[in-house]
Amino acid sequence: MPHLHEEKIKFLEEKANQIRQSIIEMLVEAGSGHTAGPLGMADVFTAFYFHILNHDPKNPDWEERDRLILSNGHICPVRYAAMAHAGYFPVSELKTLRKLGTRLQGHPHRGSLPGIETTSGPLGSGLGQAAGYAYGAKMDGQKFKVYCFMSDGEQDAGNTWESAMFAGKCKLNNLIGLIDRNNIQIDGMTEDVMPLEPLCDKYESFGWHVLEINGHDFEEIVNAVEEAKAIYEKPTVIISHNIPGKGIKEIEFDYKWHGIPPNKEQAAKFLAELRTLGGKIKSEHQ
Amino acid sequence: MPINPKVKLVENVLEKAKLEQAPTRQGYGEGLLAAGEANEKVVALCADLTESTQMHLFAKKFPQRFIEMGVAEQNLATVAAGLANYGKIPFISSYAMFSPGRNWEQIRTTICYNEVPVKIAGSHAGVSVGPDGATHQAVEDIALMRPIPNMAVINPCDANEAKKATMAAVGINGPVYLRFARERTPVFTTPDTPFEIGRAEIFWDSGGSPSLRHSTLRVSDSMSSGRLSLDATIIACGPLVHNAILAAAELEKEGIKVRVVNNHTIKPMDEKTIIEAAKDAGAVVTVEEHQVQGGMGSAVAEVLAKNHPVPIEFVGVQNRFGESGTPEELIERFGMGVSHIKDAVKRVLTRK
């Protein structure tokens, strides 16, 4: 992975903004879907698709590519948007999200869209798949990394911890997890629904190297992945502290935005906020 | 004897006491070892039941390709999904009650909908598990696996067939559910008995040599002449196929002509053989060590209701949980013995 210089950070910030705009445009067009999670993970996805991942959008089946497994499939609008902007498919196709015949299923389906590594949506089953993938790759001496993005809500699921225990046992150093720690889930705040803390201690006790980052700081994201790659005796999990709804002030931190899309008026307002960088510039169309 | 000569069963198939006995899970263990020798992509995962699911043979020969998962069946399925997605051909083993019993959604989403070739081996299926009781007697697993798109479902009739089914599953580029029993049961097929996934075999036919089946004597000919040479067809799967043959032999002595079909592949079902059997006999009895709701018999009924409706009687577990006992006692108690199959045939004849 190349050095992250000032210019690249600026580029990533602009990309993340475009991706957030696409997320709003997709969701209002679809009329259903999740808003808070995708906006909150937009910076992480931007960092991965435009800096971290070893991948080729024009050759999504390239054998040496890094594998990005999205366990919490419901935030797929951000993955679709990042993939489109990275060149996997036309940005215009984003508006087919959740519509009949689309490749952009409401929750991602591996067979529908090249570049989607696994079918996901039911929570708690991504880490096991990532661990199995990483195990197979290690058997064959493959060099690529397997990344697994998870939500914090799915840390409630038993399957997640079965997989964490397995990855720790097998010392899967080619597996790097990343938890979208935005503290919300459908029914409320994670610590009210089912307390997860101390989350770092839990993963450490399962045999993982644990890092914590601000998921809206590109340097922190990139540096954490660099460190994770250097850890050779165990898997690493990056707990990424994210703001749900990040980028739209009035919905940030609000768990009610977990599972709903904006209506047309809200979308227009949100897009204006993103296009003017929160009022810092006057025109929406510069 | 009305045994189909083409299926090359053991000669003394009716002498139950003299037949070699082996559990179908043993055939699985041998088949998995052979599959591993034939294909280096084959890997095996077990949930803390390595020896009782007979995976130890593979584990001993290929320790680098064997993965111990502990008592974690959901992870057993998801890790296998990941391995298959990468390019391996994983077999996963536990008791059927736990896999596919406990990890159904993982199997549906991360294996079947994800379109990856994981082979799921459910051991200890049926009430014949015996003294362990109902908690460990899976009698709903066929119903769980059958409706999932992309999934094949196979219930072999003896250890020889179990070995063949296991090896054949590797050749299916998709998920397969293999159902095995704990208890030793008669080994009545031979290594030469034909086995093909999706092809049911006529094992017994009192209505004439089944070798005529594909000859110039067409089913429609016998129908148009108004002459049905058969009274009923028993369609069975699993080790109870042997009980079905014993029942057919006794019925023949009573003047009732029966065909016995070994319907090992519940999905995709050999519809042609099933429909022909219904046309030739005009009445069907299904036999399985499973709840009659949603099992092999239900699948047969779906095929016949659409294509050639005939009266059907269902031998199997009748909406009850199992219990402790010896396997023989339980097969009788739950109405799947030879006498019960005969009774079902006689019942279905009154409905023709």
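In order, the protein sequence lines correspond to chains A and B. My numbering puts the first sequence at residues 1 to 286. My numbering puts the second sequence at residues 1001 to 1352. Glycine included, C-beta positions come from ideal geometry on N, C-alpha and C.
Residue closest to Gln-185(A), alpha-carbon to alpha-carbon, out of Leu-178(A), Lys-169(A), Ser-151(A), Asn-214(A)
Ser-151(A)
Nearest-angstrom Cα separation, counted from Asp-1048(B) out to Asn-183(A)
35 Å
Residues from the segment 1107–1125 of chain B in contact with chain A, defined by Cβ distance under 7 Å:
Thr-1109, Thr-1110, Tyr-1113, Asn-1114, Glu-1115
May I ask which residues mark the beginning and end of the alpha helix (DSSP H) holding Thr-1233(B)?
It is not in any alpha helix (DSSP H) - Thr-1233(B) instead sits in the beta strand (DSSP E) that spans 1232–1236.
Would you please verify whether the beta carbon of Gln-129(A) is less than 8 Å from any beta carbon of chain B?
yes
So, with DSSP's three-state summary, where would you put Trp-1204(B)?
strand
For the segment 21–47 of chain A, enumerate the residues whose C-beta is nearer than 9 Å to any C-beta of chain B, in chain order.
none
List the whole-angstrom C-beta distance separating Gly-106(A) from Gly-188(A), where the pair is believed to meet the contact cut-off of C-beta under 8 Å.
In fact, because the Cβ distance is near 23 Å, the residues do not count as touching under 8 Å.
Would you check if the segment 262–273 of chain A and the segment 22–37 of chain A touch, i.e. whether three or more CB-CB distances between them fall below 8 Å?
yes
With a cut-off of 8 Å on the beta carbons, I'd call Tyr-1095(B) and His-1136(B) a contact; round off their distance for me.
6 Å
CA nearest to the CA of Leu-1033(B), picked from Ala-1059(B), Asn-1012(B), Thr-1024(B)
Ala-1059(B)
Of all the options Asp-1270(B), Ile-1235(B), Asn-1263(B), which has the alpha carbon lying nearest to the alpha carbon of Glu-1313(B)?
Ile-1235(B)
So is Leu-1032(B) in contact with chain A if we call contact Cβ pairs under 8 Å?
no
Can you tell me whether Val-1071(B) is buried or exposed, with buried defined as 16 or more other CB within 10 angstroms of its CB?
exposed
Could you spell out the range, first to last residue, of the beta strand (DSSP E) harbouring Lys-1267(B)?
1265–1267
Grouping DSSP H, G and I as helix and E and B as strand, with all else coil, what is Leu-1212(B)?
Legend: pLDDT at Leu-1212(B) = 46, less than 50; position of this residue unreliable, value from coordinates given subsequently. Three-state DSSP puts Leu-1212(B) in a helix.
When the Cα atoms are used, what is the spatial distance from Tyr-49(A) to Lys-1041(B)?
31 Å
Among Val-1348(B), Gln-1318(B), Thr-1326(B), Ala-1344(B), which has the Cα closest to the Cα of Phe-1334(B)?
Gln-1318(B)
On the DSSP bridge assignment, give the partners of Lys-1119(B) in chain order.
Phe-1091(B), Val-1176(B)
Per DSSP, what kind of secondary structure is His-258(A) in: helix, strand or coil?
coil
Glu-1313(B) (DSSP reduced to helix, strand or coil)
strand
Secondary structure, beta strand (DSSP E): runs of 3+ residues fully inside the segment 1119–1157 of chain B:
1119–1123, 1152–1154
Entirely within the segment 210–275 of chain A and at least 3 residues each: give me those beta strand (DSSP E) ranges in chain order.
236–241
Coil, strand or helix - Phe-149(A) by DSSP
strand
Spatially closest choice to Asn-1085(B) from Met-1151(B), Leu-1304(B), Ile-1111(B), by CA coordinates
Ile-1111(B)
Beta strand (DSSP E) segment containing His-109(A), residue limits:
Element bounds for His-109(A): n/a, residue is neither H nor E.
Can you check whether the CB of Arg-67(A) is closer than 8 Å to the CB of Phe-144(A)?
yes
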